[in-house]
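Take a look at the structure set out below.
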Amino acid sequence: MTVAQVAAASNLVLIGAMSAIWLRNYRRYGASHTLAYLVFAAFLLVENVIWLYLYLLNDAFVGWYAVATPTIQVGMALLCGLETLALVAIARITLV
3 MTVAQVAAAS
13 NLVLIGAMSA
23 IWLRNYRRYG
33 ASHTLAYLVF
43 AAFLLVENVI
53 WLYLYLLNDA
63 FVGWYAVATP
73 TIQVGMALLC
83 GLETLALVAI
93 ARITLV
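In my numbering, the protein residues as written are 3 to 98.
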């Protein structure tokens, strides 16, 4: 669960950094694809806030996760980790 928590928190930081750049660029240029990036970032932001809430504050979810099979635990952590890798790739392009 710690891996998933760290991945979700990392995702929020990456999304926040990229969103700031995309918002600045959208205000400057008004390009529709930049607006699409902002919408995409908003959905990912909501998703990761929900994950962090579930992983950190929702006792029912934490209890379920603790007794879930290792396959489910690894799978959920892997999904968050893969999202982090995808965001790192996009951040590398955006922030450079």
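Glycine is no exception: its CB is placed at the ideal position from the N, C-alpha and C atoms.
Between the C-alpha atoms of L37 and M78, what's the straight-line distance to the nearest angstrom? 30 Å
Is V98 helix, strand or coil by DSSP? coil
Please work out which residues of its chain come closer than 6 Å, Cβ to Cβ, to Y39, disregarding the five sequence neighbours upstream and downstream, and give them in chain order. W24
Spell out a yes or no on whether the region 83 to 93 and the region 14 to 22 are touching, meaning 3 or more CB-CB pairs, one atom from each, closer than 8 Å. yes
On the three-state DSSP scale, how would you describe G32? coil
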